[in-house]
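A.B. asks: For the protein sequence lines, the chains are U and H, in the order given. Every position in the first sequence, counted from 1, becomes a number in the numbering used here once 542 is added. Every position in the second sequence, counted from 1, becomes a number in the numbering used here once 7 is added. For every residue, glycine included, the Cβ atom is placed at its ideal position computed from N, Cα and C. All figures in this text were calculated on a predicted structure; none of them were measured in a lab. Take a look at this one; I'll ask things after.
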Amino acid sequence: TEHLSWAIENQHLRVVFDSRTGLLKEIENLDKNISLPLSQNFFWYNASIGNQENSQASGAYIFRPNTSEPFLIAQGAHLYHVKTGVVQEVYQNFSDWCSQVVRLYDGQPYVELEWTVGPIPIRDGLGKEIISRFETNLQTDGLFYTDSNGREILERRRNYRATWNLSQTEPVAGNYYPVNSRIYIKDKKVQLTVLTDRSQGGSSIFDGSLELMVHRRLLHDDARGVGEPLLEPGDYLNGLVVRGRHLILLDTVESSAEQHRLRAQQEYMAPQLVLAPGGGPPYHPG
Amino acid sequence: NANSSVLRQAMGVAQHHDAVSGTAKQHVTNDYAKQLSAGWDACQIVISNALASIVGTKENFIYCTQLNISVCQLTEAAQTFMVIVYNPLARPVGWNIRLPVNGSHYAILSPDGQTVPNEVIPVSSFTRAVRRDRGDAVNELVFQASAPPLGYRTYSISRLPGRGPARSRALKRLHDQPG
Chain U
543 TEHLSWAIEN QHLRVVFDSR TGLLKEIENL DKNISLPLSQ NFFWYNASIG
593 NQENSQASGA YIFRPNTSEP FLIAQGAHLY HVKTGVVQEV YQNFSDWCSQ
643 VVRLYDGQPY VELEWTVGPI PIRDGLGKEI ISRFETNLQT DGLFYTDSNG
693 REILERRRNY RATWNLSQTE PVAGNYYPVN SRIYIKDKKV QLTVLTDRSQ
743 GGSSIFDGSL ELMVHRRLLH DDARGVGEPL LEPGDYLNGL VVRGRHLILL
793 DTVESSAEQH RLRAQQEYMA PQLVLAPGGG PPYHPG
Chain H
8 NANSSVLRQA MGVAQHHDAV SGTAKQHVTN DYAKQLSAGW DACQIVISNA
58 LASIVGTKEN FIYCTQLNIS VCQLTEAAQT FMVIVYNPLA RPVGWNIRLP
108 VNGSHYAILS PDGQTVPNEV IPVSSFTRAV RRDRGDAVNE LVFQASAPPL
158 GYRTYSISRL PGRGPARSRA LKRLHDQPG
């Protein structure tokens, strides 16, 4: 089994990769002896341009994929691996416009995923909405949790609205919610939390999964007022490249809140770096 | 001579839902970003003034806003430089710092004169593709900094004479995966 998988590890976490596919395979919390099979990959939804049922296209105001099944960007990823005393990194190359670095910093209780997506190819004439999807075996019973503005956590239930009887017509878009700083799923014991570095849309389309939208490039106006498609200028080489970070926390349900609250706050109010030439005497606030 | 009103005004305008959610024409969205960027530039002077008064000397403070794609003229070229880490939270924090450099070995001193462990890692091909001609750093200097509550800490960094490329030490290509 050793050659089928290999891992990066620090004092708190172990991240296992599938040697055949190059994809994440499992995350272990070494402190709490938790092991969660987890795969993560990038997909794209083919943006609707309207259909017989409804002329509504996907656009700046409206997210509406034309099918519930997204497409894989790649079955697997080419990898290379950097192992040092301060950080261990695995570089995953999915395509020439989608890549990710999985990082474990020495002593840090979270996994950092730095994703880089774009320019999104549109030569095929299809608008695309790119997601990063995590799949686990957690029994979530259709529930997942998102925050509103980094404060109140809201329980989301798939295909449900608390204040009216929903007849779901959009199985994917109808279950997407704002994710301003974090989204998580949990079963009775274990919680998987993903922190974002910006506001994104996200959901849990099937049990045990969660996904976040990281980039969009659309070819049709959604006729809701902007008057143009969500289509940055430029061709394949010069479109928008977006880079961001997702932090993964895996812990017991009881301990997760303290972990993600402090870490999300620190992400939001991150230390500021100011540089200055020259050596100069070190300064200390004391 | 600057104040934060430029950024305040830009933030005021950006309260519109179009700025928050991107539901505007591309050139309008570009303008929101441009106004916020101008506000940020003005605030850099405000922060420099504040740091100068706190530190007690007038330094040539420099802000590198593209560290996420490994671009920073100062760290790429300088033999010695300082990194001031300011923590806006009311509790001590640790933070992983990655700086684009062209050396392969560095010494980092924390304010109390301790040597800080650091590593030099090659800039990835992903980052080079994104960065294009905006920078030419070959490596990234990675270390963990800490900063006190609502305080700052200064790290002094100096490049050591190179003893062989970092690449051979850090990089291990795995056998290629099927596409």
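Enumerate in chain order the residues of its own chain whose CB-to-CB distance from H/Ala-158 is below 7 Å, with the five nearest sequence positions on each side excluded.
C.D. replies: The sequence position of residue 158 of chain H within the second sequence is 151, counting from 1. Contrary to the premise, residue 158 of chain H reads as Gly rather than Ala in this sequence. Excluding positions up to five away in sequence, the list reads Asn-94.
A.B. asks: Mapping DSSP to helix, strand and coil, what is U/Lys-731?
C.D. replies: On the first sequence, residue 731 of chain U is found 189 positions in, with the first residue counted as 1. Three-state result, U/Lys-731: coil.
A.B. asks: Beta-carbon of H/Cys-50 versus every beta-carbon of chain U: anything under 8 Å?
C.D. replies: Reading the second sequence from its first residue, position 43 is the one you call residue 50 of chain H. Output row for H/Cys-50: interface = no.
A.B. asks: Any C-beta of chain U sitting closer than 8 Å to the C-beta of H/Met-18?
C.D. replies: Locating residue 18 of chain H in the second sequence gives position 11, counting from the first residue. H/Met-18 does not count as touching chain U.
A.B. asks: Please state if the CB of U/Glu-611 and the CB of U/Ile-673 are separated by a distance shorter than 8 Å.
C.D. replies: Working through the first sequence from its first residue, we reach residue 673 of chain U at position 131. Working through the first sequence from its first residue, we reach residue 611 of chain U at position 69. Against a cut-off of 8 Å, the Cβ pair of U/Glu-611 and U/Ile-673 comes out as no contact.
A.B. asks: Could you check whether the Cβ of H/Asp-183 sits closer than 8 Å to any Cβ belonging to chain U?
C.D. replies: Translated into the one-based positions of the second sequence, residue 183 of chain H becomes position 176. Bear in mind that a pLDDT of 44 at H/Asp-183, under 50, signals an unreliable position, so the model cannot answer this.
A.B. asks: Using 8 Å as the limit for Cβ to Cβ distance, is U/Arg-785 near chain H?
C.D. replies: Indexing the first sequence from 1 puts residue 785 of chain U at position 243. So yes, U/Arg-785 belongs to the interface.
A.B. asks: Whose Cβ in chain H lies nearer than 7 Å to the Cβ of U/Ala-602?
C.D. replies: By 1-based counting over the first sequence, the position of residue 602 of chain U is 60. Per Cβ cutoff of 7 Å: Gly-29 and Thr-30.
A.B. asks: Between H/Leu-96 and the rest of its own chain, which residues show a CB-CB distance below 8 Å, the 5 nearest in sequence each way excluded?
C.D. replies: Here the question's residue 96 of chain H lines up with position 89 in the second sequence. Here the set comprises Pro-156 and Leu-157.
A.B. asks: Can you find the residues in the same chain that come closer than 8 Å, C-beta to C-beta, to U/Tyr-810, ignoring five residues on each side of it along the sequence?
C.D. replies: Within the first sequence, the letter at position 268 stands for residue 810 of chain U. Excluding residues within five positions, the ones whose Cβ falls inside 8 Å are Gly-692 and Ser-723.
A.B. asks: Note down, in chain order, all residues in the segment 754 to 766 of chain U with a beta-carbon under 7 Å from any beta-carbon belonging to chain H.
C.D. replies: Listed by position along the chain: nothing, the set is empty.
A.B. asks: Under 9 Å Cβ-Cβ, which residues of chain U neighbour H/Pro-124?
C.D. replies: By 1-based counting over the second sequence, the position of residue 124 of chain H is 117. Residues of chain U passing the Cβ test: Gly-627, Val-628 and Asp-648.
A.B. asks: Return the first residue and the last residue of the alpha helix (DSSP H) that U/Val-721 is part of.
C.D. replies: Reading the first sequence from its first residue, position 179 is the one you call residue 721 of chain U. From DSSP, U/Val-721 is part of no alpha helix (DSSP H) but of the beta strand (DSSP E) over 719 to 721.
A.B. asks: Find the residues of chain H that neighbour U/Glu-800, judging by a C-beta separation of less than 8 Å, and give them in chain order.
C.D. replies: As a working note, residue 800 of chain U is residue 258 in the first sequence. At a beta-carbon threshold of 8 Å, none of the residues of chain H lie near U/Glu-800; the nearest stands roughly 13 Å away.
A.B. asks: Extract the residue ranges of the alpha helix (DSSP H) inside the segment 66 to 147 of chain H, only unbroken runs of 4 or more that lie entirely within it.
C.D. replies: 80 to 84 and 132 to 138
A.B. asks: Within 10 angstroms of its Cβ, does H/Lys-149 collect 16 or more other Cβ (buried), or is it exposed?
C.D. replies: Against the second sequence, residue 149 of chain H aligns to sequence position 142. Note on identity: in this sequence residue 149 of chain H is Val, with Lys being the wrong assignment. So H/Val-149 ends up on the buried side.
A.B. asks: Counting only runs of 3+ residues fully inside the segment 751 to 790 of chain U, write out the beta strand (DSSP E) ranges in chain order.
C.D. replies: 751 to 759
A.B. asks: Determine the direct distance from the alpha carbon of H/Leu-74 to that of H/Gln-121, and round the result to whole angstroms.
C.D. replies: For the purposes of this step, residue 121 of chain H is taken as the residue at position 114 of the second sequence. For the purposes of this step, residue 74 of chain H is taken as the residue at position 67 of the second sequence. C-alpha separation (whole angstroms): 25 Å.
A.B. asks: Would you decide whether U/Ser-709 is buried or exposed? Buried here means 16 or more other CB atoms lie within 10 Å of its CB.
C.D. replies: Taking the first sequence and counting its residues from 1, one reaches residue 709 of chain U at position 167. U/Ser-709 is exposed by the Cβ-count criterion.
A.B. asks: Any beta carbon from chain U within less than 8 Å of H/Gln-22's own beta carbon?
C.D. replies: Counting from 1 along the second sequence, the entry for residue 22 of chain H is found at position 15. Not one chain U Cβ lies under 8 Å of H/Gln-22.
A.B. asks: Can you give the Cα-Cα distance for U/Gly-649 and U/His-554, rounded to whole angstroms?
C.D. replies: Sequence index remark: in the first sequence, residue 649 of chain U carries index 107 (1-based). Sequence index remark: in the first sequence, residue 554 of chain U carries index 12 (1-based). Looking at the two C-alpha atoms, the distance is approximately 7 Å.
A.B. asks: What residues of chain U sit near H/Glu-83, judged by a beta carbon separation below 8 Å?
C.D. replies: Numbered from its first residue, the second sequence carries residue 83 of chain H at position 76. Per Cβ cutoff of 8 Å: no residues; H/Glu-83 is ~11 Å from chain U at best.
A.B. asks: Could you give the distance in angstroms between the alpha-carbon of U/Glu-694 and the alpha-carbon of H/Asn-103?
C.D. replies: Here the question's residue 694 of chain U lines up with position 152 in the first sequence. Here the question's residue 103 of chain H lines up with position 96 in the second sequence. Inter-residue distance for U/Glu-694 and H/Asn-103 is about 28 Å (C-alpha atoms, whole angstroms).
A.B. asks: Measuring alpha carbon to alpha carbon, tell me which residue in U/Phe-559, U/Ala-799 and U/Asp-749 is nearest U/Ala-619.
C.D. replies: Working through the first sequence from its first residue, we reach residue 619 of chain U at position 77. Checked all of U/Phe-559, U/Ala-799 and U/Asp-749; the closest Cα to U/Ala-619 is U/Phe-559.
A.B. asks: Are any of the Cβ atoms in chain H nearer than 8 Å to that of U/Leu-614?
C.D. replies: Position 72 of the first sequence, counted from the first residue, corresponds to residue 614 of chain U. Output row for U/Leu-614: interface = no.
A.B. asks: Under 8 Å between C-beta atoms, does U/Ser-641 make it to chain H?
C.D. replies: Here residue 641 of chain U corresponds to residue number 99 of the first sequence, with the count starting at 1. So, interface residue.
A.B. asks: Let me make sure I understand the geometry here. Which of U/Leu-804, U/Ser-577 and U/Trp-548 has the alpha-carbon closest to that of U/Gly-564?
C.D. replies: On the first sequence, residue 564 of chain U is found 22 positions in, with the first residue counted as 1. Looking at the Cα atoms, U/Trp-548 is the closest of the given residues.
A.B. asks: Rounded to whole angstroms, what's the CA-CA distance from U/Arg-766 to H/Val-20? Just pull it up for me.
C.D. replies: Indexing the first sequence from 1 puts residue 766 of chain U at position 224. Indexing the second sequence from 1 puts residue 20 of chain H at position 13. If I take the Cα positions, the gap works out to 21 Å.
A.B. asks: Starting from H/Pro-95, find everything on chain U with Cβ-Cβ shorter than 9 Å and list it in chain order.
C.D. replies: Working through the second sequence from its first residue, we reach residue 95 of chain H at position 88. In chain order: Met-811, Ala-812, Pro-813 and Gln-814.
A.B. asks: Interface residues of chain H around U/Tyr-633 at Cβ under 9 Å?
C.D. replies: The residue labelled residue 633 of chain U in the question sits at position 91 within the first sequence. Within 9 Å Cβ-Cβ: Ser-131, Ser-132 and Phe-133.
A.B. asks: What residues in the segment 683 to 713 of chain U have a beta carbon less than 7 Å from any beta carbon of chain H?
C.D. replies: none
A.B. asks: Output needed for H/Ala-17: all residues of its chain with C-beta closer than 6 Å, excluding positions within five of it in sequence on either side, in chain order.
C.D. replies: Start at 1 with the first residue of the second sequence, and residue 17 of chain H comes out as number 10. If the five residues before and after H/Ala-17 are omitted, its C-beta is found closer than 6 Å to the C-beta atoms of Gln-42, Leu-43 and Gly-46, all from its own chain and listed in chain order.
A.B. asks: Identify the continuous beta strand (DSSP E) that holds H/Gly-19 and give its terminal residues.
C.D. replies: Against the second sequence, residue 19 of chain H aligns to sequence position 12. Where H/Gly-19 is concerned, there is no enclosing beta strand (DSSP E), although the alpha helix (DSSP H) it sits in stretches over 12 to 20.
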